[in-house]
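Mapping of the sequence shown onto the working numbering: position 143 corresponds to residue 197, and the numbering continues sequentially without gaps.
We put the CB at the ideal spot given by N, CA and C, even for glycine.
Please read these numbers as outputs of a predicted model, since none were measured by experiment.
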Amino acid sequence: MSMPQQPRYARLRLLPFVLCSALPASAMAQSATTAETQSADSNELNPLVITATRNRSSEGKTPQKVTIITREQIEQQLAITQDPSQVLSNLIPSYSPSRQKLNNTGETFRGRSVLFMIDGVPQSNPLRDGGRDSYAIDLSMVERIEVIHGASAEHGLGATGGIINYVTKRPDGAGVQQHAGISLTSDDDFQSDGFGHKLDYRLSGQQGDWDYVLAASREERGVFYDGNDEIVGMAYHGEIQNSESYDLMAKLGYWIDDNQNLEFSLNHFDLDINDDYVPVSGDRDAGVPTTARKGTPDNDPGYNEATTARLSYSHADWFGNNVDAQLYTQRFRAQFGATGLGSFPYQDDAGNTRYDHTRNESDKLGAKFTLSRDGLLNDRLTLTTGLDLLQDETQQVLVNTDRNYVPESQFRNVAAFLQGDYDLTKSLSLHAGVRQEHAELNVDDYSTVDRSTSVENDLVSVNGGTPEFDETLFNAGIVYQATDWAQLYANYSEGFGMPDVGRVLRGVSTPGQDVDDLIDLSPIVTDNREIGARFDWDRYGLELSYYESNSDLGQRIQPDDQGNYRVQREKTEIQGVEVTGEARLNDAHKLRLTYTHAEGESDTDGDGSVDTKLTGRDLAPDTLKLAWSAAWNDKLSTHLQYSHYFDRSFDDPEIEFDGYGLLDASLAYRLPVGRASLGIENLTDEDYFTYYSQSFPQSPTLEDDLYFKGRGRTLTLSYQLDF
55 MSMPQQPRYA RLRLLPFVLC SALPASAMAQ SATTAETQSA DSNELNPLVI
105 TATRNRSSEG KTPQKVTIIT REQIEQQLAI TQDPSQVLSN LIPSYSPSRQ
155 KLNNTGETFR GRSVLFMIDG VPQSNPLRDG GRDSYAIDLS MVERIEVIHG
205 ASAEHGLGAT GGIINYVTKR PDGAGVQQHA GISLTSDDDF QSDGFGHKLD
255 YRLSGQQGDW DYVLAASREE RGVFYDGNDE IVGMAYHGEI QNSESYDLMA
305 KLGYWIDDNQ NLEFSLNHFD LDINDDYVPV SGDRDAGVPT TARKGTPDND
355 PGYNEATTAR LSYSHADWFG NNVDAQLYTQ RFRAQFGATG LGSFPYQDDA
405 GNTRYDHTRN ESDKLGAKFT LSRDGLLNDR LTLTTGLDLL QDETQQVLVN
455 TDRNYVPESQ FRNVAAFLQG DYDLTKSLSL HAGVRQEHAE LNVDDYSTVD
505 RSTSVENDLV SVNGGTPEFD ETLFNAGIVY QATDWAQLYA NYSEGFGMPD
555 VGRVLRGVST PGQDVDDLID LSPIVTDNRE IGARFDWDRY GLELSYYESN
605 SDLGQRIQPD DQGNYRVQRE KTEIQGVEVT GEARLNDAHK LRLTYTHAEG
655 ESDTDGDGSV DTKLTGRDLA PDTLKLAWSA AWNDKLSTHL QYSHYFDRSF
705 DDPEIEFDGY GLLDASLAYR LPVGRASLGI ENLTDEDYFT YYSQSFPQSP
755 TLEDDLYFKG RGRTLTLSYQ LDF
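What follows is the structure, given as structure tokens:
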């Protein structure tokens with residue numbers, strides 16, 4: 055099925071409040087493949103349909119910055135690192151440096167929260183943000199990653215900083231196609247406990263009106279070594295080193311006729327941390343990092359489990375309209391390790407003091423309905439409307455003592471939207487939309503847990519409630535094609551999010567509180583203003599954007615003296631600049647440059663004016679990234695990338711960031727059968743403390759346990775075969 059024909063006026067459209075493309079997933083994928091092939095043949099970038107937008111926007115034609123990470127880019131990164139957060143950090147401007155941990159708290163996007171999705175299904179858990187939502191799928195299952203920069207409400211809750219949508223693999227073509235891959239990873243001293251490996255397999259095909267994809271992957275990770283050849287410290291809140299994971303995915307599609315498609319997909323991801331190592335505290339004041347040693351943790355180790363199921367229906371010509379409908383469920387479980395720092399002590403059957411640990415449990419059920427019609431008003435106007443439904447049930451439990459650390463919270467959300475895209479002239483288009491959000495949070499009566507004794511005493515009793523929230527959100531944008539090679543755009547959009555509800559509820563310490571009256575449960579509405587320019591000079595491209603992201607009642611997480619992290623509701627203002635440039639020197643050599651700068655402040659004294667710099671928990675450092683990809687012949691290709699994170703100071707005298715630079719390289723060679731690659735992460739074996747460790751404000755009870763160095767030189771050898 056071919057791409058929808060473009061109207062005679064340039065379709066330069068905003069990222070609106072609307073769901074999937076009118077084309078079914080498989081048809082969109084085939085069209086995208088065709089566009090990529092044409093681009094490769096002609097050295098011209100034909101725009102791809104961005105499925106994360108709900109009005110079928112095209113890449114390079116939106117009044118909001120969008121980044122499309124192709125499968126080729128994903129494979130270049132996987133040749134170097136299997137860490138998905140590291141891949142995102144390497145490729146997405148304004149995404150924070152990777153923590154290199156399972157917990158991604160502090161990995162923000164433009165200084166705010168990002169909504170992770172898999173084929174449009176939300177993976178983030180904003181009601182109790184445990185920082186695990188970027189580990190819900192293996193990247194071997196992903197065809198491309200669509201990134202919307204800045205606040206957006208088009209998929210509802212959680213995207214105050216932007217959207218990252220993983221578009222999963224589709225059938226490779228008619229008949230039966232198979233793929234198999236293996237990779238081996240080691241530190242540069244080839245320590246036995248540092249070895250890791252990964253296996254992945256995929257079967258896909260098309261037969262008549264049916265198409266299908268079956269895929270599986272399994273990865274085992276060893277421990278990480280820093281640039282000083284010491285084991286990187288283990289984080290009690292979640293590790294990827296010394297762990298095992300697997301991913302199972304199945305997709306089945308059926309074409310009812312040339313216009314109608316039905317598709318079912320299921321993905322299950324599981325990551326389990328092994329119990330072979332225990333953390334060894336460092337000394338921040340003395341510059342001694344947290345490390346690890348052989349040993350058995352006191353409690354069961356942590357894990358991540360995420361299961362996503364989706365049933366979608368699309369009709370490309372229902373009485374002249376494009377119709378999309380999607381039903382989905384998502385089940386998420388994230389278990390954290392015991393801190394051993396005095397939290398949740400209890401007595402076991404033998405009278406020994408043990409320390410309990412927690413598990414986040416979240417279950418989502420949702421639906422998205424979209425109807426779009428173009429060709430209105432003499433082929434100048436497109437209207438899109440729809441309805442979104444979401445129910446999210448979340449709690450945080452104490453694993454061993456069977457108590458609720460965070461009470462069960464049920465969030466229900468209904469949202470209707472309307473989006474219009476109007477072409478004033480061949481070179482000027484306007485875009486505007488409105489979305490009405492109605493949300494309800496239901497919490498029964500509960501008691502907060504006294505962390506010093508998780509069994510015998512409660513802290514305070516809290517009256518339950520059912521607070522309701524109604525928000526009307528707007529977006530408006532303009533795109534002007536000034537010349538054949540220059541395009542200007544401006545955009546205003548609003549994002550809708552909730553604070554970390556679980557952290558607010560579990561942190562109540564004053565008696566007589568009522569859930570209905572807790573101001574800290576009020577939604578976070580973020581205003582995003584952006585202006586930008588895109589330039590396309592055949593082999594050279596440049597995009598410049600400036601943005602402001604403001605919220606009157608934002609969220610800042612602040613540690614207290616007891617090791618608890620509290621939610622502070624404060625006015626926050628963030629400003630930033632993003633520069634992206636590409637140069638195709640010839641058919642074989644391509645250069646890429648990105649530079650990002652951001653600064654932000656919050657109103658800590660409540661006088662209505664921002665006054666205190668945001669820390670590394672919110673903002674990424676100023677970053678310069680350079681990349682060079684080269685195809686030396688039809689068999690040999692190389693990729694070299696460098697990331698420099700600049701120094702940053704904060705108002706808090708206890709934290710300061712000393713910048714560092716990291717160099718990665720990979721080499722790929724096409725063999726008579728299959729292809730092999732060798733990747734080297736941190737080629738120069740830089741010895742450094744991570745951005746998180748240096749710039750994240752810690753409580754006095756935790757700072758010596760969360761002072762981590764980054765991973766040293768690491769080698770990955772891979773082999774891939776398609777047959």
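Our contact map puts residue i next to residue j with C-beta atoms below 8 Å; I'd like the distance itself, whole angstroms only.
{"i": "Asp741", "j": "Lys763", "result": "7 Å"}
{"i": "Val221", "j": "Val196", "result": "7 Å"}
{"i": "Ser731", "j": "Ser772", "result": "5 Å"}
{"i": "Phe632", "j": "Ser148", "result": "Here residue 632 turns out to be Glu, not Phe, going by the sequence shown. Sure, about 6 Å apart at Cβ, within 8 Å."}
{"i": "Ala493", "j": "Phe528", "result": "That pair is no contact at about 17 Å."}
{"i": "Asp759", "j": "Thr344", "result": "6 Å"}
{"i": "Thr520", "j": "Asn496", "result": "5 Å"}
{"i": "Tyr266", "j": "Gly259", "result": "6 Å"}
{"i": "Thr650", "j": "Thr677", "result": "5 Å"}
{"i": "Ser237", "j": "Thr770", "result": "6 Å"}
{"i": "Arg387", "j": "Glu359", "result": "4 Å"}
{"i": "Ala470", "j": "Gln490", "result": "5 Å"}
{"i": "Tyr534", "j": "Leu482", "result": "5 Å"}
{"i": "Ser271", "j": "Leu253", "result": "7 Å"}
{"i": "Gln130", "j": "Ser720", "result": "6 Å"}
{"i": "Thr580", "j": "Ser605", "result": "5 Å"}
{"i": "Asp137", "j": "Ile285", "result": "Not a contact, Cβ separation roughly 17 Å."}
{"i": "Ser194", "j": "Gly235", "result": "7 Å"}
Under a Cβ-count criterion, where at least 16 other Cβ atoms within 10 Å of its own Cβ denotes burial, should residue i be classed as buried or exposed?
{"i": "Glu126", "result": "exposed"}
{"i": "Ile310", "result": "exposed"}
{"i": "Leu66", "result": "Summary for Leu66: the model assigns pLDDT 30, below 50, so the residue's position carries little reliability; its value from the coordinates is reported in the next sentence. Answer is buried; the Cβ neighbour count reaches 16."}
{"i": "Phe777", "result": "exposed"}
{"i": "Val342", "result": "exposed"}
{"i": "Arg153", "result": "buried"}
{"i": "Asn687", "result": "exposed"}
{"i": "Pro355", "result": "buried"}
{"i": "Gly662", "result": "exposed"}
{"i": "Lys115", "result": "buried"}
{"i": "Gln401", "result": "exposed"}
{"i": "Leu145", "result": "buried"}
{"i": "Leu725", "result": "exposed"}
{"i": "Ala190", "result": "buried"}
{"i": "Ala76", "result": "Because Ala76 carries a pLDDT of 32, less than 50, the predicted location of this residue cannot be relied on, and no value is offered for it."}
{"i": "Asp192", "result": "buried"}
{"i": "Glu200", "result": "buried"}
{"i": "Arg593", "result": "exposed"}
Quick one: what's got a C-beta closer than 6 Å to residue i's C-beta in the same chain, skipping five residues either side?
{"i": "Tyr423", "result": "It should be noted that the sequence gives Phe, not Tyr, for residue 423. Taken in chain order, the residues that qualify are Ala379, Gly440 and Leu441."}
{"i": "Leu673", "result": "Gly165, Ala652 and Gly654"}
{"i": "Arg588", "result": "Gln541 and Glu597"}
{"i": "Thr88", "result": "At Thr88, the pLDDT of 39 sits below 50, so the modelled position is not reliable; the number obtained from the coordinates is stated separately. Here the set comprises nothing."}
{"i": "Asp570", "result": "Gly519 and Pro521"}
{"i": "His203", "result": "Lys119 and Gly216"}
{"i": "Gln314", "result": "His369"}
{"i": "Phe318", "result": "Leu306 and Leu365"}
{"i": "Phe743", "result": "Lys763"}
DSSP has residue i in a bridge; who is on the other side?
{"i": "Met171", "result": "Pro176 and Asn219"}
{"i": "Glu273", "result": "Lys252 and Ser299"}
{"i": "Gln535", "result": "Gln541"}
{"i": "Tyr189", "result": "Partner(s): none; Tyr189 has no beta bridge."}
{"i": "Glu597", "result": "Arg588 and Thr634"}
Using a Cβ-Cβ cutoff of less than 7 Å, which residues in the same chain neighbour residue i once the five nearest sequence positions on both sides are dropped?
{"i": "Gln685", "result": "In the sequence under discussion, the amino acid at residue 685 is Ala, which differs from the Gln named in the question. Once the five neighbours on either side are set aside, the close Cβ partners of Ala685 are Ala642 and Ser691."}
{"i": "Arg583", "result": "Tyr546, Tyr601 and Glu602"}
{"i": "Gly292", "result": "Lys155, Leu156, Asn157, Arg186, Gly356 and Phe390"}
{"i": "Thr214", "result": "Arg166, Ser167, Ala205, Gly549, Gly551, Ile578 and Thr580"}
Return the chain-ordered list of same chain residues with a C-beta closer than 8 Å to the C-beta of residue i, the five sequence neighbours on each side being excluded.
{"i": "Gln59", "result": "Its pLDDT being 37, under 50, Gln59 is placed unreliably by the model, and the measurement read from it follows with that caveat. Excluding sequence neighbours, Gln59 sits near nothing in its chain."}
{"i": "Glu51", "result": "Past the edges of the chain, shown from 55 to 777, lies residue 51, and the structure says nothing about it."}
Let me check you understand the geometry: is the CB of residue i closer than 7 Å to at least one non-hydrogen atom of the ligand HEM?
{"i": "Thr407", "result": "The model on display carries no ligand, and the ligand HEM is accordingly not part of it."}
(request) Could you name each continuous beta strand (DSSP E) segment of 3 residues or more that falls completely within the region 90-166, going from the start of the chain to the end? (result) Qualifying beta strand (DSSP E) stretches, in chain order: 120-123.
(request) Tell me the start and end of each unbroken beta strand (DSSP E) in the region 345-401 that is at least 3 residues and wholly inside, in chain order. (result) If only uninterrupted beta strand (DSSP E) runs of at least 3 residues are considered, those enclosed by the region 345-401 are 345-348, 357-372, 375-389 and 399-401.
(request) Counting only runs of 3+ residues fully inside the region 621-676, write out the beta strand (DSSP E) ranges in chain order. (result) 643-656, all fully within the region 621-676.
(request) Please go through the region 713-758 and give each complete alpha helix (DSSP H) segment of 4 or more residues, from N-terminal end onward. (result) Whole alpha helix (DSSP H) segments, 4+ residues: 745-749.
(message) List, from N- to C-terminal side, the beta strand (DSSP E) runs of 3 residues or more that fit wholly inside the region 450-490.
(response) Counting only runs of 3 or more residues that sit fully inside the region 450-490, the beta strand (DSSP E) segments are 457-477, in chain order.
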